[in-house]
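Let me begin by presenting the structure, written as structure tokens, before commenting on it.
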Amino acid sequence: MIAEAGLAALWFAAALALLQLALTAFGLAGGKSDLLGAVRPVAVAQGVLTAIAFIALIALFLRSDMSVLLVSTNSHSAKPWLYKFAGTWGNHEGSMLLWVTVMGLAGAAVALFERALRRDTHMATLGGQAAISLGFYAFLLFASNPFARVTPAPQDGQGLNPLLQDPGLAFHPPTLYLGYVGLSVAFSFAIGALLTRNVDASFARAMRPWVLAAWVLLTLGITAGSYWAYYELGWGGWWFWDPVENASLMPWLAATALLHSVTVLATRDSLRAWTVMLAVVAFSMSMVGTFLVRSGILTSVHAFAVDPSRGTFILVLLAFYIGGALALFGWRVGAVREGAQFQMVSRETMLVINNLLLTVILGVVLIGTLYPLMTEAFGHKVSVGPPYFDRVAGPIALTLMLAMAVGPLMRWRRDQAGVVARRIAVPAAIGLVALVTLALTVGRTIGVLPFAGLVIAAGVGVASLAPLWKRNLLRTPLFTWGMVIAHLGCAVSVAGMAADSAFTQEKLVAARPGDRIDAAGWTIVFDRILPIAGDNWTALQADMTVSRGGGTPVAIHPQSRFFTTPPTTTTEAALLTRWNGQLYIVLGQEADQGRWQLRIWWKPFVTFIWLGGALIALGGVLALIGRERRGWQHKWRGRRVEA
Amino acid sequence: MKRLMIWLPLALFLGALVLFAGRLMQPDDHLVVSKLVGKPLPVFTLPPAASDRAGLTSAQLATGKPRLLNIFASWCVPCAAEAPQLMALKQAGVEIDAIAIRDARPDVDAFLSRWGNPYTRIGLDARSGVQIALGSSGVPETFVIDGQGHIAHQHIGDIREDDVPKLLALLERAK
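One line per chain: the protein sequences are L and R, in this order.
Per my numbering, residue 1014 is the first one in the first sequence, and the count goes up by one each step.
Per my numbering, residue 3 is the first one in the second sequence, and the count goes up by one each step.
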């Protein structure tokens, strides 16, 4: 019953999306503006119905209803409840349902709460949102029905991919999805604005919270995904430039550029066409990413729902939405009048540079990701790996960091180069001190890129705090705090990346229980190895005690876990976090006669990578609250005056 | 110039679309083709995998007469499916040697007594080392080896009935 109810809710929601599109189309283009009054209630009802469908699927997973095909292939009756719950979206159909649900709810929110937009643009935006949703409804209902039954119902089910059986991964995909969907709202705003020829500062102010929210969620999703890959896959790396990772990074890069250009548009009414373009590109990148991940046309460690027929469906959606949006852009953008002008030396110029550099990095990542496809079309198989991405994207990213340090210290519209130079003097001096110190201590033992990274991180870290200089910190607006913290987060992250790649020490040993190993200043005593059992896995666990420089010994337990449904082995690395780094130990295979392979890493300041990511997201949250609170205050004051 | 810039994103996107569509229509076959085809076999020495057959060294595969080298395992279902075709090839006078991958002698014995034993020699490759050296990525696979110990052809997957004449022709050509 629950499955049928969920499916019915989904069909109703799809019908309402069609109605919503028709109402806006006839209301706006046909001049029947009385039709527009029904758009907002329809959008809200559509959101509620998608939520009902999604809750139905969660219920099916929690009850382990094995007569539903999706549950029986992706869950198991013996699974801990958290993973039954997370199993709802740990698969193709469920994650697509999550996608339309978030989109439906976002559409309802746009209908209910959006007040800043002109009425016709607001309605056109809701129409655009309905048009996008329709494609995804069709995809779900015709190509990936999550509620399909199976007869006879299997007893226990096949289980969730054990790699996904981890709290980090239970919540990483929904976070990213929320981000993607937030970008779809920004996309609809851009479409609405192009259709009604209304690209201006008020449009940017309406779009900005959506971009900010989407960007915060993407940041959190990418950071969490990176940390998950780091501790779960057991190879000690935190970023592999895998197509699936790139699929999440590319929308983030576009969203970062959009976030800055939308601020220029909102404050200075400049960069109109460019901002609209970025809104289209940002969502296009999330769609292209989805396509690459789910069609199986690129080889990836994630091998997620590989299915050419589904790929064809998404490809048609891509052609329709992105192609349509870019055509609309080409057709209408000529009508978007140029906004306000600015001088060479100004914050606007720095933001344009930021946008160009981000776009170049986006291009580099996109080309690297698609290059194997291009060469294969000509009959050569190549793979593009970390060396390309690191060497090409790395220097551009460091240049971007420099722009990030200078930009916030400049005034809008026009500034004087000499004054800016004085403001930047202290951070530059600190960068110089870092440069000399590093050159004298580690010098040529580390690579150029990590070296530059450490120097720039020091200078930019200080520069990012400079906007707070000589200000009353209590009266500094929250969004300024947000910017400062987000920029500081970038410096912290870069410092972590550079320290990890410059100073990591690795040791591979084959050890017997009872052995004593010295690695990177740590003493590791391999006490014993024993089998243990968990909820739905068994494992071999190595008990070790580690200590450093005569300190208190700490017990740690790397494991190699074995899951039976489906049969898979996962690595549970032992991580010991200290203020200045992490000790990372992986239990490998039995080498011979009771000796076990152990991989030991000491990774100085590696945690800064994710700490920085968290700071960036926190900065985004503060900026969002700051901007929105100001909006609410204006509204309240306005109401009081009216009363 | 400006008009061109406006339409450039659409043009790039259409290019990518064509690329994606082309790639979707030709899904990857995921076969790993050995880089050693046309090259000499790597040098190896393997212990016997079955009680009544000798082990295998690479030198024994370069005796002037073309032969087949079959990569199999007792735990591999398609290997059982291709057993009748291997027997047919043996009946046709083909000499077949084999490498058993990640196997144990009792299991190999049981497999051969159940499905027949077309092999002259069977080497045991307990850790897949030789398999990897050969550029083979799975079981079953069959290599056509010419008289000089060069790999003339790699057959990936189980041998079906219609593959038998093809393999016989390849062996004839390898003489």
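Ideal Cβ placement from N, Cα and C applies to all residues, glycine included.
Item, Value
"Residue range of the alpha helix (DSSP H) that includes L:Gly-1437", "The sequence as given places Ile at residue 1437 of chain L; Gly does not occur at that position. Segment 1430-1454, the alpha helix (DSSP H) holding L:Ile-1437."
"Proximity below 7 Å, CB of L:Ala-1018 to CB of L:Ala-1069", "yes"
"Contact with chain R by L:Ala-1332, beta-carbon distance below 7 Å", "yes"
"R:Gly-17 classed as buried or exposed, judged by whether at least 16 other C-beta atoms fall within 10 angstroms", "exposed"
"Interface residues of the stretch 1138-1153 of chain L facing chain R [CB-CB below 7 Å]", "none"
"The stretch 1612-1620 of chain L contacting the stretch 1209-1219 of chain L, beta-carbon criterion three pairs below 8 Å", "no"
"Where the beta strand (DSSP E) through R:Asn-72 begins and ends", "69-74"
"Beta carbon proximity, R:Pro-49 to chain L, threshold 7 Å", "no"
"L:Arg-1574, DSSP secondary structure in three states", "strand"
"Minimum Cβ-Cβ distance from R:Arg-25 to chain L less than 7 Å", "yes"
"Nearest-angstrom Cα separation, counted from L:Ala-1295 out to L:Ala-1316", "Note that L:Ala-1316 has pLDDT 49, beneath the 50 cutoff, so the model's placement of it is unreliable and the number below is only indicative. Between L:Ala-1316 and L:Ala-1295, the C-alpha separation is close to 24 Å."
"Under 8 Å by beta carbon: chain L residues contacting R:Leu-19", "Leu-1328, Leu-1331, Ala-1332 and Gly-1336"
"The alpha helix (DSSP H) enclosing L:Phe-1492, as first and last residue numbers", "1491-1516"
"Inter-residue Cα distance where the pair is R:Asp-160 and R:Glu-143", "7 Å"
"Any beta strand (DSSP E) of 3 or more consecutive residues that is wholly inside the stretch 1580-1648 of chain L", "1581-1585, 1587-1591, 1594-1605 and 1608-1617"
"For L:Ile-1569, the residue or residues it bridges with in DSSP", "L:Met-1557"
"Cβ of R:Trp-77 within 7 Å of any chain L Cβ", "no"
"Rounded distance between the beta-carbons of L:Trp-1228 and L:Leu-997, thought under 8 Å", "Residue 997 of chain L lies beyond the residue range present for chain L, which begins at 1014 and ends at 1656; the question has no answer from this structure."
"DSSP three-state assignment for L:Val-1123, whether helix, strand or coil", "helix"
"Distance, R:Lys-37 Cα to R:Asp-111 Cα", "32 Å"
"Chain-ordered neighbours of L:Val-1346 on chain R, where CB pairs are closer than 9 Å", "Ile-8"
"8 Å contact criterion, which L:Ser-1523 and L:Ala-1604 should meet: CB distance rounded", "Just to set this straight, residue 1523 of chain L is Ala in the shown sequence, not Ser. Right, their Cβ atoms sit about 4 Å apart."
"Distance between beta carbons of L:Val-1084 and L:Ala-1074, contact taken as under 8 Å", "Note on residue identity: the sequence assigns Phe, not Ala, to residue 1074 of chain L. About 6 Å separates the two Cβ atoms, so the contact holds."
"Neighbour-count burial assignment, L:Leu-1004, 16 or more Cβ in a 10 Å radius", "No answer is possible for residue 1004 of chain L: the residues shown for chain L start at 1014 and end at 1656."
"Secondary structure, alpha helix (DSSP H): runs of 4+ residues fully inside the stretch 1360-1429 of chain L", "1360-1390 and 1399-1419"
"The alpha helix (DSSP H) enclosing R:Gln-133, as first and last residue numbers", "131-136"
"Enclosing alpha helix (DSSP H) for R:Asp-111 [first to last residue]", "107-117"
"Beta-carbon proximity check, L:Leu-1411 vs L:Ile-1469, cutoff 7 Å", "yes"
"Nearest residue (CA-CA) to R:Leu-12, options L:Pro-1421, L:Gly-1336 and L:Gln-1518", "L:Gly-1336"
"Short Cβ contact (7 Å threshold) for L:Phe-1160 with L:Leu-1020", "yes"
"Residue burial classification, L:Thr-1188 (beta-carbon count within 10 angstroms, cutoff 16)", "buried"
"Residue-level contact to chain L via CB, R:Phe-22, 7 Å cutoff", "yes"
"L:Asp-1548, buried or exposed, once every other Cβ within 10 Å from all chains shown has been counted against 16", "exposed"
"First and last residue of the uninterrupted beta strand (DSSP E) at L:Phe-1539", "1535-1546"
"Counted within 10 angstroms of its Cβ, other Cβ atoms place L:Phe-1539 as buried (16 or more) or exposed", "buried"
"CA-to-CA distance, R:Leu-91 to R:Leu-170, given in whole angstroms", "8 Å"
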